[in-house]
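Student: Handing you a structure now.
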Amino acid sequence: MEKSRIEAALARVIHPVKERDLISLEMIEDIKIEEGRVRFKLVFPSPDALASSIKKSCEEEIRNEYPGEDFKISIMELVRERKIQKRINLELGQEAIANVGHIIAIASGKGGVGKSTVAVNLAVALAREGYRVGLTDADVYGPSVPKMTDSEYEKPLVDDSSGKDMIIPIEKYGVKWMSIGYFSPPAQPLIWRGPMASNALKQMILQVQWGELDFLLIDLPPGTGDIHISLVHDIPLSGAIIVSTPQAVALADVEKGVNMFRQKDINKPILGLVENMAWFTPEELPENKYYIFGKEGGKRMALKFDIPLLGQIPLVQSIRESGDAGEPFALIDENRPDTIAFRKLAQNLLKELE
Ligand SMILES: Nc1ncnc2c1ncn2[C@@H]1O[C@H](COP(=O)(O)OP(=O)(O)O)[C@@H](O)[C@H]1O
Ligand SMILES: [Mg+2]
């Protein structure tokens, strides 16, 4: 079987209301031909009453293309509302994010709480829900996205056809990634001064060819210094997510993060808190929860600062291992209590944005 023939078959399926074929409507994605099976995504830009009859027509046309042959057809139906609103009041130099729906900063008061782990897995989980997602690794001091996505040796290309050099992000796992780590040899710590770091960081957002995205996540460096303030002030954020571990001592760090976004001249909404390492779950006993850093810490923090608790991520050995291997944990398909944590986080975020 050939992809081009599957496309030709799907180009014969006409959407009865839009009176155009599914290929030209860009409703077909990721056609994959496997042993005895054709697989693709059927993407609706909004909930569609005709979905099941269109799906049936797809199957019929593919069968017509290969009469008498025995194979399976797997169609993943999804609704991806194109919520992109052109941003108004964009400043000069912000064209790169003109077609980005939501820009969301992922912040934490201090390092090592799993901010990058949460950011990378949330990006993958949103992509798996059918959204178009980009992530920029703004941690200029310790970029970790290249390693966490096993793309350390990628070198992004530059497109200058618009008259301005635009960096083309690295695409992997259905997400567009950008990191300062792609521009320096791996394992070499970067030494940046304040304004230089701020500029480098803004380039990682504003000089990247993002195209149309539903979400652009920004993995901020830990802390709440000048670099953060300058970024949070200049980029039109939809809001921020704060990552913390549940210990009582982390409360002060969460407070710093919350205060940064609530400063008068910044005033960006905090979409919620993610409690990482909320409990420990051993691999062989996935139903068991051990509250080694205390129970309900995240809930208490969220209550104290009046922000939603968007998600609780367990401490699981394979989350660390998948980070080191560059294959995000959120790619796992099984329905285990630990593997659904990032999916639930993505779904809660979507609800919060509504
Ligand atoms: N829920 C978790 N379970 C297991 N290991 C985790 C979890 N979250 C983070 N880690 C590990 O902790 C370390 C620090 O995480 P990282 O995301 O780099 O933190 P930060 O970006 O806040 O500095 C990494 O080795 C990561 O794999
Ligand atoms: Mg990090």
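Okay, so the sequence shown: first residue is 4 according to my numbering, each after it adds one. Idealized CB from N, CA, C, for every residue including glycine.
#1: Report whether the distance from the Cβ of Ser119 to the nearest heavy atom of ligand 3 is below 6 angstroms.
#2: Quick check on DSSP: helix, strand or coil for Val123?
#3: What are the uninterrupted segments assigned as alpha helix (DSSP H) that are 4 or more residues long and contained completely in the stretch 253-301, given in chain order?
#4: Based on the DSSP secondary-structure assignment, which residues constitute the bridge partners of Thr139?
#5: Could you tell me the distance, in whole angstroms, from the CA atom of Tyr144 to the CA atom of Met181?
#6: Going by DSSP in three states, Val235 sits in which element: helix, strand or coil?
#7: Going by beta-carbon coordinates alone, are Leu209 and Gly96 separated by less than 7 angstroms?
#8: Straight-line CA distance for Phe74 to Glu357?
#9: Mapping DSSP to helix, strand and coil, what is Phe358?
#10: Using 8 angstroms as the threshold, is the stretch 226-246 in touch with the stretch 263-281, meaning 3 or more CB pairs across them?
#11: Ser49: buried (16+ other C-beta within 10 angstroms of its C-beta) or exposed?
#12: Within a Cβ cutoff of 6 angstroms, which residues of the same chain sit near Met79, ignoring the five residues on either side of it in sequence?
#13: What do you reckon, is the C-beta of Ser147 under 6 angstroms from a heavy atom of ligand 2?
#14: May I ask you to report which of helix, strand or coil DSSP gives Pro149?
#15: Going by beta carbon distance, what residues of the same chain come within less than 6 angstroms of His105, once the five residues before and after it are set aside?
#16: Report the three-state DSSP secondary structure of Ser77 (helix, strand or coil).
#17: Taking just the CA atoms, how far does Asp162 sit from Ser77?
#18: So what does DSSP say about Glu94, is it helix, strand or coil?
#19: To the nearest angstrom, how far is it from the Cα of Arg346 to the Cα of Ala12?
#20: Applying the 10 Å Cβ sphere with the 16-neighbour rule, what's the burial state of Leu306?
Tutor: Based on what the coordinates show:
#1: Inclusion of ligand 3 in the displayed structure is not the case, the ligand content consisting of ligand 1 and ligand 2 alone.
#2: helix
#3: 254-265
#4: Met181, Ile221
#5: 15 angstroms
#6: helix
#7: yes
#8: 41 angstroms
#9: No answer is possible for residue 358: it lies beyond the span of the chain, which begins at 4 and ends at 357.
#10: yes
#11: exposed
#12: Lys44
#13: yes
#14: helix
#15: Phe218, Ser241
#16: strand
#17: 36 angstroms
#18: coil
#19: 33 angstroms
#20: exposed
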